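Residue numbering for the sequence shown follows the working numbering, beginning at 3 and increasing consecutively.
Read through the structure below, which is laid out as structure tokens, and then see the notes.
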Amino acid sequence: MTGPSIRLARPDDLPQILDVLRAALGETPLLRRTPELWRWKHVENPFGPSLVLVAEADGRVVGVRAFMRWELETPDGDTLRCVRAVDTATHPDYLRRGIFRRLTESAIEYARDEGVDLVFNTPNAKSGAGYLKMGWRTVARLGVIVRWRTGRVAPLDSDTVPRLDDHVAAVDPLDPLPPARRGHGLRTPRRDAYLHWRFSQHPTARYGAVRFGSGTAVVRPNVRAGRRELVVSDVLGDATAGLFREVAKRNRSRYVATWFSPAAPERRIARRALYAPVPGLRTLTLVARPLRSLPVDVFDLGNWDLAVSDLELL
Ligand SMILES: CC(C)(COP(=O)(O)OP(=O)(O)OC[C@H]1O[C@@H](n2cnc3c(N)ncnc32)[C@H](O)[C@@H]1OP(=O)(O)O)[C@@H](O)C(=O)NCCC(=O)NCCS
Numbered sequence: 003m004t005g006p007s008i009r010l011a012r013p014d015d016l017p018q019i020l021d022v023l024r025a026a027l028g029e030t031p032l033l034r035r036t037p038e039l040w041r042w043k044h045v046e047n048p049f050g051p052s053l054v055l056v057a058e059a060d061g062r063v064v065g066v067r068a069f070m071r072w073e074l075e076t077p078d079g080d081t082l083r084c085v086r087a088v089d090t091a092t093h094p095d096y097l098r099r100g101i102f103r104r105l106t107e108s109a110i111e112y113a114r115d116e117g118v119d120l121v122f123n124t125p126n127a128k129s130g131a132g133y134l135k136m137g138w139r140t141v142a143r144l145g146v147i148v149r150w151r152t153g154r155v156a157p158l159d160s161d162t163v164p165r166l167d168d169h170v171a172a173v174d175p176l177d178p179l180p181p182a183r184r185g186h187g188l189r190t191p192r193r194d195a196y197l198h199w200r201f202s203q204h205p206t207a208r209y210g211a212v213r214f215g216s217g218t219a220v221v222r223p224n225v226r227a228g229r230r231e232l233v234v235s236d237v238l239g240d241a242t243a244g245l246f247r248e249v250a251k252r253n254r255s256r257y258v259a260t261w262f263s264p265a266a267p268e269r270r271i272a273r274r275a276l277y278a279p280v281p282g283l284r285t286l287t288l289v290a291r292p293l294r295s296l297p298v299d300v301f302d303l304g305n306w307d308l309a310v311s312d313l314e315l316l
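The structure is reproduced here in structure tokens:
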């Protein structure tokens, strides 16, 4: 075996990249590692094409590392150029040989040379320790806010891909496109191109809309641990307790799940509509690594204005 070499990915690497991701991470009915999903995330993203590196050994791709381009705006209107450390995998035959570390450190060097300000991501249990060893720090462990439904709920086969029209009519959440509110912390700018990419052009996730007054809740059905749930991914336009109550009324699952960071006004408003944090439940860990000195403390969750849609990429 020759030692792995690290290089920028080429378009013709895609089949091998997907093979490595499938071998390392597997697939579920809700998450298929298709070329379409890869292209949506890493080629069509309105913030720009991803920085993708591969490791090659024995004449094949054995590791992959993708940094998605992103932007966050500060409340003062400054834009931070970001990357999100998302898809990363080492083929199971090549683990614990430093491939993830070498790929990630090379990607950081490329990002730094390009003037990227900040890296952030929500690693899983397998990669979390590796990031912390490489200089990332934890911002916070994030939970879920839930409103329970009383009464009977249809039983569910956990392999079933949930259907949007079980809950809401398939209306386009972006028609009409509500005005974006200002940020109360680091916030993804919700420009038209971003909203269309995020909610209308996703190759697998189907988003619907629940409207109330001049607010739109962007929702998607999901299955978590064999349980059917309706997720409020984002709120566009005016968030009101009436809007969150309207979502709960339309829901056909055991509960509605959402999450907003403490700086987001939607969190307070959802609480008024009886959405409550689930004690002790932590689903994601937000980690970050600034690549230069920044005008805001990114390790204080109070400085982030986030919704579910900013973190998950479903
Ligand atoms: C996570 C993953 C990419 C690590 O790949 P790898 O090439 O084996 O990692 P490395 O050999 O470069 O290890 C880098 C550091 O992380 C640590 N590390 C790697 N795997 C670890 C594990 N399972 N538990 C604890 N630490 C681990 C290593 O100790 C190493 O630190 P060191 O250099 O000080 O020893 C690999 O396990 C994988 O592909 N997992 C499945 C896919 C996945 O979960 N991807 C992340 C989410 S997209």
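Glycine residues also receive a C-beta, built at the ideal position from the N, C-alpha and C atoms.
Just so we're clear, the structure is a prediction, and the values are computed from it rather than from any experiment.
Three-state secondary structure (DSSP) at residue i?
i      : result
Asp89  : strand
Tyr196 : helix
Ser7   : strand
Ala59  : strand
Val66  : strand
Leu296 : coil
Leu176 : coil
Ala309 : strand
Leu315 : coil
Thr131 : The sequence shown places Ala at residue 131, rather than the Thr named in the question. Correct three-state label for Ala131: helix.
Lys304 : Note that residue 304 is Gly in the sequence shown here, rather than Lys. Note: Gly304 maps to helix in three-state DSSP.
Pro94  : helix
Pro48  : coil
Pro181 : coil
Pull up the DSSP beta-bridge partners for residue i, would you.
i      : result
Asp236 : Val220
Gly210 : Val221
Val289 : Asn123, Thr140
Ile147 : Thr260, Pro279
Arg54  : The sequence shown places Val at residue 54, not Arg. According to DSSP, which records beta bridges pairwise, Val54 is partnered with Ala68.
Arg83  : Glu73
Glu231 : Asn224, Tyr257
Arg189 : Glu75
Leu105 : Paired residues: none, contrary to the question.
Leu33  : Thr30
Start and end of the beta strand (DSSP E) containing residue i?
i      : result
Phe122 : 120 to 123
Ala142 : 139 to 144
Along the alpha helix (DSSP H) that carries residue i, what are the first and last residues, could you check?
i      : result
Glu116 : Looking at the DSSP string, Glu116 is not in any alpha helix (DSSP H), and its letter there is neither H nor E.
Gln18  : 16 to 27
Glu38  : 37 to 44
Pro205 : Element bounds for Pro205: n/a, residue is neither H nor E.
Gly244 : 243 to 252
Ala272 : 267 to 274
Measuring from the CB of residue i, is there a heavy atom of ligand 1 at a distance below 7 Å?
i      : result
Arg103 : yes
Leu97  : yes
Gly100 : yes
Asp89  : yes
Thr140 : no
Leu27  : yes
Lys43  : no
Ala287 : For clarity, residue 287 is Thr in the given sequence; the question names Ala instead. It does not: the Cβ of Thr287 is nowhere closer than 7 Å to a heavy atom of ligand 1.
Ala109 : no
Ser129 : yes
Thr206 : no
Val239 : Contrary to the premise, residue 239 reads as Gly rather than Val in this sequence. Result no, Cβ not under 7 Å from ligand 1.
Thr124 : no
Gly65  : yes
Lys251 : no
Gly132 : yes
Thr36  : no
Thr92  : yes
Using 8 Å for Cβ pairs, my map puts residue i next to residue j. What's the rounded Cβ distance?
i      : j      : result
Thr140 : Val289 : 5 Å
Phe262 : Leu308 : 7 Å
Asp80  : Pro292 : At roughly 14 Å, the Cβ-Cβ gap does not stay under 8 Å, so Asp80 and Pro292 are not in contact.
Leu176 : Ser216 : Their Cβ separation, rounded to whole angstroms, is 14 Å, which puts Leu176 and Ser216 out of contact at 8 Å.
Asp115 : Arg294 : About 12 Å; that fails the 8 Å criterion.
Val63  : Ile101 : Wrong, their Cβ atoms sit about 11 Å apart, outside the cutoff.
Arg67  : Leu55  : 5 Å
Leu134 : Leu286 : The pair is not a contact, with the Cβ atoms about 15 Å apart (cut-off 8 Å).
Arg256 : Arg229 : 6 Å
Glu29  : Pro205 : Not a contact, Cβ separation roughly 14 Å.
Thr260 : Val225 : With a Cβ gap of about 16 Å, Thr260 and Val225 do not count as contacting.
Ala25  : His93  : 6 Å
Asn123 : Arg86  : 5 Å
With a threshold of 7 Å (Cβ to nearest heavy atom), would residue i be considered close to ligand 3?
i      : result
Arg183 : In the structure shown, ligand 3 is absent; the only ligands present are ligand 1.
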